[in-house]
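Reviewing the structure listed below.
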Amino acid sequence: MTCPRCAQNLTSHSFEPYDMIQGIAYYYTAPVQATVRINTDEAYAEFKTHLDGALRDAHWTWIFDCSGMTLEHYSSVNFLRNLVHTLVLEHDQALQEVLILHPSFWIRSAVWMVWPLMNANLHRKIRFIETKKELTLELLGKRINAIA
Ligand SMILES: [Zn+2]
């Protein structure tokens, strides 16, 4: 763990290894589980160390779980702009998919808002997944394909 904030308190950010399928590392983020709000550039720089860490895997997929999110968990538009900037400039090759789990109206609106800042690659990677069961079945399908 290279994030200085999480070194002090493990629950500061939410960015956990979730699965590994066919050489793709899956990471899981649930903003409700994080105690630090990312509402400044400094806070973003700290969170970004987790994204930098994901680059150690040649390929990675981000599961972003909106479950239980209320207004207090939503980050600023500035955070989303920073995030899109990072994903486009630094993760274009490594990032495989962004799976937005339990999408809320707010997150759909937010994605739509920063859509013009993304490149075509990132547009293709973003998918909304309604339920945990749907996600589990999809990962199971990938695992079966891997051994078939
Ligand atoms: Zn952290």
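When we follow numbering that gives the first Met the number 0, the leftmost residue of the sequence shown carries the number 0, and every step to the right adds one. Ideal placement from N, C-alpha and C gives every residue a C-beta, glycine not left out. Computed from a predicted model, the values in this text were never measured in an experiment.
Between residue i and residue j, which are expected to be in contact by the criterion C-beta below 8 Å, what is the C-beta distance as a whole number of angstroms?
i, j, result
"residue 93", "residue 119", "Contact doesn't hold; Cβ gap of about 17 Å is too wide."
"residue 99", "residue 63", "5 Å"
"residue 34", "residue 11", "6 Å"
"residue 16", "residue 6", "Not really, about 17 Å apart at Cβ, beyond 8 Å."
"residue 87", "residue 113", "Their Cβ separation, rounded to whole angstroms, is 10 Å, which puts residue 87 and residue 113 out of contact at 8 Å."
"residue 97", "residue 131", "Not quite, the Cβ-Cβ distance comes to about 17 Å (not below 8 Å), so this is no contact."
"residue 136", "residue 85", "The Cβ separation is near 30 Å, so there is no contact."
"residue 95", "residue 60", "5 Å"
"residue 121", "residue 20", "21 Å between Cβ atoms; not a contact."
Along the chain, where does the beta strand (DSSP E) containing residue i start, and where does it finish?
i, result
"residue 53", "Not the beta strand (DSSP E): residue 53 falls in the alpha helix (DSSP H), residues 40-53."
"residue 20", "15-20"
In the DSSP output, which residue or residues are listed as bridge partners for residue i?
i, result
"residue 28", "63"
"residue 127", "99"
"residue 94", "59"
"residue 23", "20, 58"
Could you spell out the range, first to last residue, of the alpha helix (DSSP H) harbouring residue i?
i, result
"residue 71", "That residue, residue 71, is in no alpha helix (DSSP H); it is neither H nor E in DSSP."
"residue 109", "104-113"
"residue 4", "3-7"
Under 8 Å, Cβ to Cβ, is there at least one residue of chain E near residue i?
i, result
"residue 12", "Reference to chain E is not applicable here, since this structure consists of a single protein chain."
Is there contact here, the region 32-52 with the region 104-119, by at least three beta-carbon pairs under 8 Å?
The region 32-52 is not in contact with the region 104-119.
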